[in-house]
Amino acid sequence: MSEPSLFVQRFGNPGPDGTLLFLHATGLNGSCYRPLLERLDFDGEIILPSMRGHGRTSLPANPQTLLSWHPLAADILDWISREELAGPLTLGGHSSGAITSLLVSTKVPTERVLMIEPVVLPRPVVWLANSPFRKTVMNRIPIAQQAAARRDSFASREKAWEFWRPKKFFRNWEEAAFAGYVAEGLEEMDGGVRLSCTPQFESAMFKAQAHGFWPHLAESIRTTKGVSILAAQDQTTFPLKRRPRAAKMGARVTEFEGGHMLPLEQPEETVQWLENEIRGKDKLTRV
Numbered sequence: 024m025s026e027p028s029l030f031v032q033r034f035g036n037p038g039p040d041g042t043l044l045f046l047h048a049t050g051l052n053g054s055c056y057r058p059l060l061e062r063l064d065f066d067g068e069i070i071l072p073s074m075r076g077h078g079r080t081s082l083p084a085n086p087q088t089l090l091s092w093h094p095l096a097a098d099i100l101d102w103i104s105r106e107e108l109a110g111p112l113t114l115g116g117h118s119s120g121a122i123t124s125l126l127v128s129t130k131v132p133t134e135r136v137l138m139i140e141p142v143v144l145p146r147p148v149v150w151l152a153n154s155p156f157r158k159t160v161m162n163r164i165p166i167a168q169q170a171a172a173r174r175d176s177f178a179s180r181e182k183a184w185e186f187w188r189p190k191k192f193f194r195n196w197e198e199a200a201f202a203g204y205v206a207e208g209l210e211e212m213d214g215g216v217r218l219s220c221t222p223q224f225e226s227a228m229f230k231a232q233a234h235g236f237w238p239h240l241a242e243s244i245r246t247t248k249g250v251s252i253l254a255a256q257d258q259t260t261f262p263l264k265r266r267p268r269a270a271k272m273g274a275r276v277t278e279f280e281g282g283h284m285l286p287l288e289q290p291e292e293t294v295q296w297l298e299n300e301i302r303g304k305d306k307l308t309r310v
């Protein structure tokens with residue numbers, strides 16, 4: 024039996040742009056984002072891990088002990104420490120992956136951080152997530168309750184596709200991204216397939232909010248050459264009223280029409296933003 028490990032996809036070749044390491048959102052996997060990043064004009068290597076508890080990564084994933092996303096960042100830092108990555112290093116991610124990339128950036132030399140729809144919660148929620156009342160309060164989070172109730176098994180991948188594709192969450196994804204989700208997001212079992220990210224772990228991810236945001240943003244802005252944030256105008260996890268604060272601190276904040284899943288629903292626009300930020304261009308609407 025092989026040792027538990029982080030499943031990592033690598034493509035591209037060493038080049039002057041260095042390395043881009045990109046992290047996925049909660050409940051998803053690296054394969055969802057490969058079609059997006061394969062479009063990118065990036066003269067370097069692209070790294071797509073699937074985080075602990077997700078996709079084909081086999082690291083232990085105990086929902087009972089997950090209090091923050093720091094353990095996910097620690098996994099990435101451990102992997103980076105054992106690799107020889109060409110610099111400069113660009114870290115990016117979507118949703119929880121955006122925050123995890125931010126946490127990583129404060130611990131390893133990083134050129135820039137590219138966050139798409141980071142999950143920025145009110146300070147009282149972060150305080151409660153660090154308090155003795157954590158379990159009582161966080162168990163009431165609606166999205167965590169919904170995740171825990173997800174259907175987790177199907178007779179086949181085809182049946183899973185038919186069940187998921189019309190759902191509101193998936194219906195506007197580009198086909199290749201959805202195919203990546205189904206390919207890596209299900210594992211074989213007797214009599215069918217089941218979610219590789221269990222409903223219990225996905226729910227725990229939504230409840231694990233003890234890490235916070237603002238101190239890490241300040242540190243990353245201080246230690247890198249730039250932090251950029253792409254925020255949606257609808258169904259966002261980065262509240263509109265918080266965006267001017269991030270911009271005032273020094274982050275480059277861009278707003279797009281669309282919702283939280285915009286990198287999988289609007290890949291062309293997302294690639295344009297990524298390329299502009301990597302190249303230091305400034306052609307898009309900013310806060």
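Take 24 as the starting number for the sequence shown in this note's numbering and just add one per residue. Glycine included, each C-beta is placed from N, C-alpha and C at the ideal position.
Sequence-distant residues of its chain with Cβ nearer than 8 Å to residue i (five each side left out)
i           : result
residue 223 : 86 and 171
residue 244 : 250, 272, 273 and 274
residue 129 : 239, 242, 243 and 246
residue 194 : 188
First and last residue of the uninterrupted beta strand (DSSP E) at residue i
i           : result
residue 117 : 112-117
residue 73  : 67-73
residue 276 : 275-279
residue 209 : 209-212
Helix, strand or coil at residue i according to DSSP, with G and I counted as helix
i           : result
residue 292 : helix
residue 123 : helix
residue 26  : coil
residue 219 : coil
residue 41  : strand
residue 79  : coil
residue 251 : strand
residue 35  : strand
residue 245 : helix
residue 136 : strand
residue 307 : Unreliable placement is indicated for residue 307, whose pLDDT of 46 sits below 50; no coordinate value is reported for it.
residue 46  : strand
residue 240 : helix
residue 107 : coil
residue 286 : helix
For residue i, the nearest candidate out of the options (CA to CA)
i           : options               : result
residue 289 : 89, 129, 120 and 62   : 62
residue 119 : 91, 105, 146 and 176  : 91
residue 101 : 158, 162, 49 and 31   : 31
residue 77  : 121, 52 and 157       : 52
residue 231 : 106, 256 and 144      : 144
residue 38  : 112, 252, 292 and 140 : 112
residue 205 : 218, 47, 213 and 212  : 218
residue 48  : 126, 210, 301 and 228 : 228
residue 255 : 209, 283, 196 and 136 : 283
residue 98  : 27, 33 and 41         : 27
residue 137 : 281, 236 and 115      : 115
residue 267 : 257, 105 and 252      : 252
residue 81  : 67, 35 and 29         : 29
residue 89  : 234, 296 and 60       : 234
residue 109 : 258, 83 and 42        : 42
residue 258 : 276, 124, 236 and 285 : 285
Residues near residue i in its chain [Cβ-Cβ closer than 7 Å; skip 5 each side]
i           : result
residue 103 : 131
residue 64  : 298
residue 241 : 272
residue 215 : 176, 177, 178 and 179
residue 157 : 151
residue 292 : 279
residue 248 : 134 and 135
residue 164 : 229 and 230
residue 121 : 138, 139, 140 and 141
Segment limits, alpha helix (DSSP H) that includes residue i
i           : result
residue 95  : 93-104
residue 59  : 57-61
residue 147 : 146-152
residue 266 : 266-272
Neighbourhood of residue i by C-beta, 6 Å cutoff - its chain only, sequence neighbours within 5 removed
i           : result
residue 58  : 199 and 200
residue 197 : 290
Contact with chain C by residue i, beta-carbon distance below 8 Å
i           : result
residue 205 : Here there is only one protein chain, and chain C is not present.
Item to complete: Identify every run of the beta strand (DSSP E) within the segment 161-190, keeping only runs that are complete inside it and at least 3 residues long; order them along the chain.
Response: none
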